[in-house]
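Just remember that the numbering used here sits 29 ahead of the position in the sequence shown, which is counted from 1.
Note that beta-carbon positions come from the ideal geometry of N, C-alpha and C, so glycine has one too.
Computed from a predicted model, the values in this text were never measured in an experiment.
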Amino acid sequence: MTQRQLGPVLGATLLCQNIDKVSKAYQNGLGYSLVSSGVIDDAQIQCWSTPNLRQNKTHILASSDGQAWLRLVEDKHSQTHLPLKTHGWMSLETNVADVDVIRNEIDTNAFTIIGEPAYLQVSDAIKAMQVIGPANEVTYLTHIERPVPPFELPMTSARTSSLFIPVLCTPSRDASLAFYQSINKAQEGLKFDTKITILNSAWNKDIEHQYQVATLQLDGKCLFEIDQVPQAQAIINNEGSLPSGIAMVTCVVKNIDEIAAHFKVTITQTNNTYYPGSKIILLKGAAGELIELVSA
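Here it is, written out as structure tokens:
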């Protein structure tokens, strides 16, 4: 079998109109810790082509197990997007030890609960709740009780842990899956139809309405989920900045030189401690989403 080229997922970036408000919400509401704060560096500005973010503030937050995966970037002039109704990165699925404990302790002033803890249709070993956070981002807080083949998923004993499934909202499941398969170069993704309760609620659909979904397994017990929602609005781009909401997902890639050549993008050299390697590139997917790839 061809070796997977993508994975693990390193983290995600939220574009914030008020970075201090968002940062404090994660620290006070979910027990995250602030591990670094500063401004966007020149290498990131160059790689992202975001001149309007020069000298803008950034925070890196770590979940309770110490994994520093959540990056906040401030853009006070960014537009507001509609959660669950906009193409691009739609939600972040993160690992928790006990979702019922999180439900009892979460700060509901900062996080709006849109889905109470419940087992997912795809498996009775996965129990999750869903919230809308302070940057209008949707997060799944997910407790995995036991292995769920054929998926490779993480389990944790920490209150909160890493991002393991970024969820993409796209007008075309097939186009988005083909894009990521062209990078991953391993087994094909899985395609299936499933009920997604929070989407049905957001779109006033029948509770049993099914969506065309795909998953693509990555290294590091991570995967991408791709949800086809053709009626959603186009991704909201901000001039000289990043998209609103979940602005990008960052993922380790083994063959960054080959991928950069294939997509005709320039590799940026970096010594930023957020990245495990010294090379980064930025690609745009079929739904207009940004995926940042980092050398291992």
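Distance check for residue j and residue i, CA to CA, integer angstroms please.
{"i": "Leu82", "j": "His238", "result": "41 Å"}
{"i": "Ser66", "j": "Thr31", "result": "39 Å"}
{"i": "Leu271", "j": "Leu44", "result": "7 Å"}
{"i": "Phe221", "j": "Leu206", "result": "12 Å"}
{"i": "Ile74", "j": "Tyr209", "result": "24 Å"}
{"i": "Leu63", "j": "Val177", "result": "32 Å"}
{"i": "Ser211", "j": "Val128", "result": "35 Å"}
{"i": "Phe180", "j": "Ser307", "result": "30 Å"}
{"i": "Val160", "j": "Ala72", "result": "33 Å"}
{"i": "His291", "j": "Asp248", "result": "21 Å"}
With a threshold of 16 other CB atoms inside 10 Å of the CB of residue i, please say whether the residue is buried or exposed.
{"i": "Asp104", "result": "buried"}
{"i": "Gln246", "result": "buried"}
{"i": "Ala147", "result": "exposed"}
{"i": "Asn300", "result": "exposed"}
{"i": "His110", "result": "buried"}
{"i": "Phe253", "result": "buried"}
{"i": "Arg100", "result": "buried"}
{"i": "Ala263", "result": "exposed"}
{"i": "His88", "result": "buried"}
{"i": "Glu268", "result": "exposed"}
{"i": "Thr244", "result": "buried"}
{"i": "Val130", "result": "exposed"}
{"i": "Gln257", "result": "buried"}
{"i": "Pro80", "result": "exposed"}
Does DSSP classify residue i as helix, strand or coil?
{"i": "Trp118", "result": "strand"}
{"i": "Pro146", "result": "strand"}
{"i": "Gln260", "result": "coil"}
{"i": "Ser62", "result": "strand"}
{"i": "Asn133", "result": "helix"}
{"i": "Tyr303", "result": "coil"}
{"i": "Asp153", "result": "strand"}
{"i": "Ile326", "result": "Summary: the structure shown does not reach residue 326, with the chain confined to residues 30 through 325, and so no result is reported for it."}
{"i": "His88", "result": "strand"}
{"i": "Ala315", "result": "coil"}
With distances taken between CB atoms, is the gap from residue i to residue j smaller than 9 Å?
{"i": "Asn124", "j": "Ile173", "result": "yes"}
{"i": "Ser92", "j": "Thr189", "result": "yes"}
{"i": "Ile265", "j": "Gln34", "result": "no"}
{"i": "Ala41", "j": "Leu121", "result": "yes"}
{"i": "Tyr304", "j": "Leu90", "result": "no"}
{"i": "Cys251", "j": "Ile194", "result": "yes"}
{"i": "Met277", "j": "Ile310", "result": "no"}
For residue i and chain D, any beta-carbon pair shorter than 9 Å?
{"i": "Ile310", "result": "Judged by its chain identifiers, the structure shown contains no chain D, having just a single protein chain."}
Answer yes if the region 239-253 comes into contact with the region 289-303, meaning at least three C-beta pairs across the two stretches below 8 Å, and no otherwise. The region 289-303 vs the region 239-253: no contact.
Sufficient close CB pairs (3 or more, under 8 Å) joining the region 82-98 to the region 162-178: Taking 8 Å as the limit for Cβ pairs, the verdict is that the region 162-178 does not touch the region 82-98.
How do the region 194-205 and the region 113-131 stand: do at least 3 beta-carbon pairs fall below 8 Å, yes or no? Contact between the region 194-205 and the region 113-131 is present, because at least three Cβ pairs lie under 8 Å.
Can you confirm whether the region 131-147 touches the region 57-72 when touching is taken to mean that 3 or more C-beta pairs between the two stretches lie within less than 8 Å? Yes: the two stretches touch, three or more of their Cβ pairs being nearer than 8 Å.
Cβ contact check for the region 225-232 and the region 268-287: 3 or more pairs under 8 Å: With a cut-off of 8 Å on Cβ pairs, the region 225-232 is not in contact with the region 268-287, counting fewer than three such pairs.
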